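>
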DNA sequence: ATATAGTGTTAGATTAGTCTAACAAAATTC
DNA sequence: GAATTTTGTTAGACTAATCTAACACTATAT
Ligand SMILES: [Mn+2]
Ligand SMILES: [Mn+2]
Ligand SMILES: [Mn+2]
Ligand SMILES: [Mn+2]
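Chains as they are written, first to last, in the numbering used here: chain A, 1 to 218; chain B, 1 to 218.
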């Protein structure tokens, strides 16, 4: 099977493909914090091992095999995060770094057991979907809070980014998943939103924050 | 910090030092399943990094730093094994391989949390002591069942070896830790023992088995 | 005390994963 | 379309961890 290094490349390719349409050497280099020559040589190897399709100067594309492998690593990552929060009492801002390591553990039984003990959760602690055992992932088509209108009543279901800083910011405002939000006003100047929710009759959230909150009409 | 490879060398050195009095290159080579030249060159590196003291043709000895590091890895290994059994429902024969990987995870909070959730267990699922956070380990001075006499009533508290085969053998006889055993007879010819315990009025255990069972008078 | 077996060392090679320096190609801007 | 910036590639080097082949040292046995 793939080394942890290869697994991290596959996961990065999978994540970047869902952001940009095309993934290039520079994208990977920045995302993985390794030099471009390093990526270049690794991508040649990944190509030879049929994880990706790659030709010089062209974008890098995961093969079916590569995409499935990436989704299964993501499955292990997200099951682990959910397990750490649900069963071990960690905060949602603490689990990513730990899951980044445990996702490389080769022990299917461990992840199956987590899955079962949590009764087969569909999302991780940040609302991201957990791929199934075949590597299939259900696309949640949520809307960004920033795209909503004044008067909308919505429920927060996921985040587009889950950096520690951002999660700690949300903690400080007592914002968590499943929270019901109402848009009281939108400031035309900077698109910041005046939001009301449980115990917080009036909080201002910048556009940058609202861009990262995924919601559904409630 | 140390790489997983270095950590495995330290753990092997620690384990071997508790079996033999002197640990040499061949011992490590066999235990870690790598060639002797590989061990030779790695031991030079370990010496330079002050994990061990080593001079050509002399036995390898862990430094204080090396011994503590090894004990802390063992702590992570054993906490993990206990967690997998106690909190996740794995059998004692399933957990070693998983713990062998998770022991290398760099996340003190994870192991602290396991420890707390289990209310600070003192031993792993095979009865081996869990080193404390300073790397100190309490020596249990148990006796081998094979050293007991006819008529002794004892309780099984630990195992000297925990191979999957052996654990499955014990499962097949419904032998588990904390079990009360009574020695009914000892066969002079092969030193096998006739043992009686809960629901098993009379089982014969070979000397090889009795050598691996650690007990205390009850 | 010598032969033999066991143990340890050296030399040299390999693979995975990384780097920097230099240059080349492609894309963007003017 | 030419200049500039961005992106990609090559070449060459390095470290960690491993190997085999050959030889050297030590310990054991006859
Ligand atoms: Mn994560
Ligand atoms: Mn990772
Ligand atoms: Mn173990
Ligand atoms: Mn290990």
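Using N, Cα and C, we set each Cβ at its ideal position, and we do this for glycine too.
For clarity, every value in this text was computed on a predicted model and none was experimentally measured.
Can we count residue 94 of chain B as close to ligand 3, meaning its CB is less than 7 Å from some heavy atom?
Residue mapping note: residue 94 of chain B aligns to position 94 of the second chain, counting from 1. No, the Cβ of residue 94 of chain B stays beyond 7 Å of every heavy atom of ligand 3.
> Excluding the 5 residues flanking residue 136 of chain A on each side, which residues of the same chain have their C-beta closer than 8 Å to its C-beta?
On the first chain, residue 136 of chain A is found 136 positions in, with the first residue counted as 1. Excluding positions up to five away in sequence, the list reads 71.
> Is residue 107 of chain A near ligand 3, judged by its Cβ being under 7 Å from some heavy atom?
Numbered from 1 along the first chain, position 107 holds the residue referred to as residue 107 of chain A. No, since every heavy atom of ligand 3 falls outside the 7 Å radius drawn around the Cβ of residue 107 of chain A.
> What is the C-beta distance between residue 192 of chain B and residue 213 of chain B, in whole angstroms, given that I count them as a contact (C-beta under 8 Å)?
In the second chain, the residue the question calls residue 192 of chain B occupies position 192. In the second chain, the residue the question calls residue 213 of chain B occupies position 213. In fact, because the Cβ distance is near 13 Å, the residues do not count as touching under 8 Å.
> Residues in the same chain with beta-carbon distance under 8 Å from residue 25 of chain B, minus the five sequence neighbours each way, listed in chain order, please.
As a first step, residue 25 of chain B must be located in the second chain, where it is residue number 25. Excluding sequence neighbours, residue 25 of chain B sits near 36, 39, 40, 43 and 60.
> Three or more C-beta pairs closer than 8 Å, one from the stretch 113-121 of chain B and one from the stretch 80-88 of chain B: is that the case here?
Because the criterion of three Cβ pairs below 8 Å is met, the stretch 113-121 of chain B and the stretch 80-88 of chain B touch.
> Against residue 110 of chain B, what residues of chain A qualify as contacts under a CB-to-CB distance less than 7 Å, listed in chain order?
Mapped onto the second chain, residue 110 of chain B falls at position 110. Correct list: 98.
> Beta strand (DSSP E) containing residue 186 of chain B: first to last residue?
Counting from 1 along the second chain, the entry for residue 186 of chain B is found at position 186. Where residue 186 of chain B is concerned, the enclosing beta strand (DSSP E) stretches over 180-186.
> Could you give the C-beta distance for residue 146 of chain B and residue 211 of chain B, rounded to a whole number, given that I count them as a contact under 8 Å?
The residue labelled residue 146 of chain B in the question sits at position 146 within the second chain. The residue labelled residue 211 of chain B in the question sits at position 211 within the second chain. Between residue 211 of chain B and residue 146 of chain B the Cβ distance is about 5 Å, and since that is below 8 Å, they are a contact.
> Can you find a C-beta in chain B that's less than 8 Å from the C-beta of residue 113 of chain A?
Here the question's residue 113 of chain A lines up with position 113 in the first chain. It does; some Cβ of chain B falls within 8 Å.
> Could you tell me which residues DSSP pairs with residue 203 of chain B in its beta bridges?
Counting from one through the second chain, the residue named residue 203 of chain B turns up at place 203. Answer is B:195.
> Residue 125 of chain B: which of B:187, B:156 and B:12 sits nearest, CA to CA?
Within the second chain, the letter at position 125 stands for residue 125 of chain B. It is B:156 whose Cα lies nearest to the Cα of residue 125 of chain B.
> If you compare alpha carbons, which of A:158, A:105, A:34 and A:180 is closest to residue 128 of chain A?
As a position in the first chain, residue 128 of chain A is number 128, starting the count at 1. Closest option to residue 128 of chain A, Cα to Cα, is A:158.
> Any heavy atom of ligand 2 closer than 7 Å to the CB of residue 161 of chain A?
As a first step, residue 161 of chain A must be located in the first chain, where it is residue number 161. For ligand 2, not one heavy atom lies less than 7 Å from the Cβ of residue 161 of chain A.
> What beta strand (DSSP E) runs, 3 residues minimum, are completely inside the stretch 20-79 of chain B?
Taking only runs of at least 3 residues, no beta strand (DSSP E) segment lies wholly in the stretch 20-79 of chain B.
> Under a CB-based cut-off of 8 Å, is residue 219 of chain A close to chain B?
This structure cannot settle anything about residue 219 of chain A, because the visible part of chain A is limited to 1 through 218.
> What residue range is occupied by the uninterrupted alpha helix (DSSP H) comprising residue 167 of chain A?
The residue labelled residue 167 of chain A in the question sits at position 167 within the first chain. It spans 164-172 - the alpha helix (DSSP H) in which residue 167 of chain A sits, taken as one unbroken run.
> Which partner residues does residue 153 of chain A have in the DSSP bridge list?
One-based indexing of the first chain puts residue 153 of chain A at position 153. Beta-bridge pairing links residue 153 of chain A to A:182.
> Near residue 185 of chain B, what residues of its chain come up, given a Cβ to Cβ distance below 8 Å and the 5 sequence neighbours on each side ignored?
Locating residue 185 of chain B in the second chain gives position 185, counting from the first residue. Cβ neighbours of residue 185 of chain B beyond the five flanking positions: 150, 193 and 194.
> Mind pulling the chain A residues with CB within less than 8 Å of residue 107 of chain B?
Residue 107 of chain B sits at position 107 when you count from the first residue of the second chain. Within chain A, the residues near residue 107 of chain B are 97, 98 and 101.
> Secondary structure at residue 216 of chain A, three-state DSSP: helix, strand or coil?
Taking the first residue of the first chain as 1, we reach residue 216 of chain A at position 216. In this structure, residue 216 of chain A counts as strand in the three-state DSSP scheme.
> Using the rule of at least 16 other Cβ atoms within 10 Å of the residue's Cβ for burial, across every protein chain shown, is residue 111 of chain B buried or exposed?
Taking the second chain and counting its residues from 1, the one referred to as residue 111 of chain B is at position 111. The residue is buried, with at least 16 neighbouring Cβ atoms inside 10 Å.
> So which residues on chain B does residue 32 of chain A lean against when the C-beta distance must stay under 7 Å?
Counting from one through the first chain, the residue named residue 32 of chain A turns up at place 32. The premise fails here: residue 32 of chain A is roughly 18 Å from chain B at the closest Cβ pair, so nothing lies under 7 Å.
> Check residue 133 of chain A in the structure and name its three-state DSSP category.
Within the first chain, numbered from 1, the residue matching residue 133 of chain A stands at position 133. Note: residue 133 of chain A maps to coil in three-state DSSP.
> Chain A partners of residue 203 of chain B, CB-CB under 7 Å?
Within the second chain, numbered from 1, the residue matching residue 203 of chain B stands at position 203. In chain order: nothing, as chain A lies at least about 30 Å away.
> Say whether chain A places a C-beta atom closer than 8 Å to the C-beta of residue 82 of chain B.
In the second chain, counting from the first residue as 1, residue 82 of chain B sits at position 82. It does not; no Cβ of chain A falls within 8 Å.
> Considering Cα atoms alone, identify which of A:31, A:113 and A:22 is closest to residue 57 of chain A.
Within the first chain, residue 57 of chain A is the residue found at index 57, counting from 1. Taking only the C-alpha atoms, the option nearest residue 57 of chain A is A:22.
> With DSSP run on the structure shown, which of helix, strand or coil describes residue 158 of chain A?
In the first chain, counting from the first residue as 1, residue 158 of chain A sits at position 158. In the structure shown, residue 158 of chain A sits in a strand (DSSP, three-state: E or B).
> Relative to the alpha-carbon of residue 3 of chain A, which residue among A:73, A:29, A:140 and A:34 has its alpha-carbon at the smallest distance?
Locating residue 3 of chain A in the first chain gives position 3, where the first residue counts as 1. Checking every option, the nearest Cα to that of residue 3 of chain A belongs to A:73.
> Whose C-beta lies closer than 6 Å to the C-beta of residue 144 of chain B among residues of the same chain, with five residues either side of it excluded?
Taking the second chain and counting its residues from 1, one reaches residue 144 of chain B at position 144. These residues qualify, in order along the chain: 211.
> Quick one: does the C-beta of residue 77 of chain B sit closer than 7 Å to a heavy atom of ligand 2?
For this step, residue 77 of chain B is matched to residue 77 along the second chain. Because no heavy atom of ligand 2 lies under 7 Å away, the Cβ of residue 77 of chain B does not count as near it: no.
> Compute every distance between the C-beta of residue 103 of chain B and the non-hydrogen atoms of ligand 4, then say whether any falls below 7 Å.
Start at 1 with the first residue of the second chain, and residue 103 of chain B comes out as number 103. True, at least one ligand heavy atom lies under 7 Å from that Cβ.
> Have a look at residue 217 of chain A and residue 76 of chain A and give me their C-alpha separation to the nearest angstrom.
Taking the first chain and counting its residues from 1, one reaches residue 217 of chain A at position 217. Taking the first chain and counting its residues from 1, one reaches residue 76 of chain A at position 76. Residue 217 of chain A and residue 76 of chain A: Cα-Cα distance of roughly 30 Å.
> Could you work out which residue in B:139, B:187, B:168 and B:153 is closest to residue 178 of chain B when comparing CA atoms only?
Here residue 178 of chain B is taken as the residue at index 178 of the second chain, counted from 1. Ranking the options by Cα distance to residue 178 of chain B, first place goes to B:153.
> Given this structure, state the Cα-to-Cα distance separating residue 83 of chain A from residue 190 of chain B, to the nearest angstrom.
The residue you call residue 83 of chain A lines up with position 83 of the first chain. The residue you call residue 190 of chain B lines up with position 190 of the second chain. Going by the C-alpha atoms only, they are around 50 Å apart.
> Would you identify the three-state DSSP class for residue 105 of chain A, choosing helix, strand or coil?
By 1-based counting over the first chain, the position of residue 105 of chain A is 105. Three-state result, residue 105 of chain A: coil.
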